[in-house]
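Residue numbers for the sequence shown follow full-length UniProt numbering, so the first one is 1 and each next one is one higher.
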Amino acid sequence: MPGMRRPLYRDDALVLRVQKLGEADRIVTLLTRQHGRVRAVAKGVRRTTSRFGARLEPFGHVDVQCSEGSSLDTVTQVEGRDLFGRRFLTDYPRYTAASAIVELAERLTPVEREPALRLYQLTLGALRALAEGLRPGPLVLDAYLLRAMAQAGWAPALRDCAVCGEEGPHRAFSVPAGGVTCLNCRPPGAAHPDPATLDLMSALLEGDWPAAERAEPPVQRECAGFVAAHLQWHLERQLRSLPLVDRREPG
């Protein structure tokens with residue numbers, strides 16, 4: 001009814017993406033703690049006089065209040081909790097890793113307003129790790145990709161055979177088969193990664209950072225290739241941001 005107040009809600013949120021709307025507004029895609037992925041109009045945020053435009057930038061962790069709408073919600077208040085992006089906008093490796101993380105978070109929440117608390121917590125942890133800069137950005141990204149796939153039910157088998165379940169370790173790896181396979185189940189064209197690569201994938205999935213950070217650069221690169229291939233198989237197309245990730249060694 002005309003003049004009727006729209007319901008308000010308040011939530012913690014991560015800013016996944018922003019798009020221009022008209023001359024001064026933006027559409028903001030948020031991953032929220034309680035409400036899942038929502039899209040909301042932030043009115044006037046592109047004006048220099050905006051009270052909260054700078055808080056609604058990609059990778060930010062914010063406290064946001066919105067009014068519900070029929071297709072898009074409307075941002076009415078926002079407070080910055082931790083604007084992670086400010087800490088790595090000039091660091092291309094970390095920026096590109098963060099871009100791939102938020103793109104996957106959006107892809108894994110195809111239904112708006114469907115709660116996704118575990119994915120929210122995982123994404124928040126990954127962006128915080130990139131902002132702190134205590135661990136290599138590419139490893140943070142690959143750990144996020146593996147754990148996000150595990151939450152979606154797509155985790156690669158890394159020890160026992162993905163086809164018959166025969167106890168491993170096994171050394172053949174097939175993306176279509178779902179991970180490592182035994183000799184009897186190994187499909188044509190299966191790869192044979194360095195055993196250290198499978199160990200690194202396991203360490204990233206399990207959060208064993210001391211073991212992960214001991215991995216040599218060639219092992220890290222091979223791991224990244226298998227993680228990206230496994231993800232692309234399940235998404236059926238590649239993340240746009242993933243080929244842009246800078247995996248060069250620092251210095």
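Even for Gly, the Cβ is constructed at its ideal location relative to N, Cα and C. Note that this is a predicted model, so its numbers are computed, not measured.
Skipping 5 residues on each side, what residues in its chain have a beta carbon closer than 8 Å to that of residue i?
i, result
"arginine 135", "Ala129, Trp209, Glu213"
"leucine 21", "Ile27, Val41"
"aspartate 160", "Glu166, Glu167, Gly168, His170, Val180"
"leucine 72", "Ile27, Arg39, Ala40, Val41"
"arginine 240", "Glu103"
Tell me the residue span of the alpha helix (DSSP H) that contains residue i.
i, result
"glutamate 222", "217–235"
"threonine 96", "92–107"
For residue i, which beta-bridge partners are listed by DSSP?
i, result
"arginine 26", "Lys20, Ala42"
"residue 252", "Within the shown structure, residues of the chain are numbered from 1 to 251, placing residue 252 beyond reach of any answer."
"leucine 31", "Leu14, Arg37"
"glycine 80", "Val62"
"tyrosine 9", "Cys66"
"valine 245", "Beta-bridge pairing links valine 245 to no other residue."
"valine 180", "Phe173"
"alanine 191", "Phe173"
For the beta strand (DSSP E) containing residue i, list its first residue and its last residue.
i, result
"glycine 60", "60–67"
Within its chain, find whatever has a CB closer than 7 Å to the CB of residue i; leave out the 5 residues flanking it on each side and keep chain order.
i, result
"glycine 69", "Arg6"
"valine 15", "Val28, Leu30, Leu56, Glu57, Pro58, Phe59, Gly60, Val62"
"valine 19", "This sequence places glutamine at residue 19; valine is not what is there. Cβ neighbours of glutamine 19 beyond the five flanking positions: Arg26, Ile27."
"alanine 105", "Leu16, Leu31, Leu119, Thr123"
"glycine 80", "Arg55, Gly60, Val62"
"alanine 126", "Ile101, Val140, Tyr144"
Given residue i, which residues of its chain have a CB within under 6 Å of its CB, disregarding the five upstream and five downstream residues?
i, result
"valine 175", "Ala229, His230, Trp233"
"glycine 251", "Confidence at glycine 251 is low in this model, with a pLDDT of 44, below 50, so its placement is unreliable and the value that follows should be read with caution. So no residue of the chain qualifies."
"methionine 1", "Residue placement at methionine 1 is poorly supported in this model, since its pLDDT is 48, which falls under 50; the coordinates are not used for a value here."
"phenylalanine 173", "Val180, Ala191, Pro193"
"histidine 35", "Asp11, Arg113"
"proline 115", "Gly36"
"leucine 244", "Thr96"
Open item on the list: Runs of 4 residues minimum, wholly inside the segment 123–178: which ones carry the alpha helix (DSSP H) assignment?
Closed with: 137–151
Open item on the list: Check whether the segment 95–111 and the segment 66–82 are in contact - that is, three or more C-beta pairs closer than 8 Å.
Closed with: no
Task: Inside the segment 193–219 only - beta strand (DSSP E) runs reaching at least 3 residues - done: none
TODO: Determine, using beta-carbon pairs with one atom in the segment 190–207 and one in the segment 216–230, whether at least three such pairs fall under 8 Å.
DONE: yes
Open item on the list: Tell me whether the segment 137–144 and the segment 200–209 touch, counting them as touching only if at least three CB pairs, one residue from each stretch, are closer than 8 Å.
Closed with: yes
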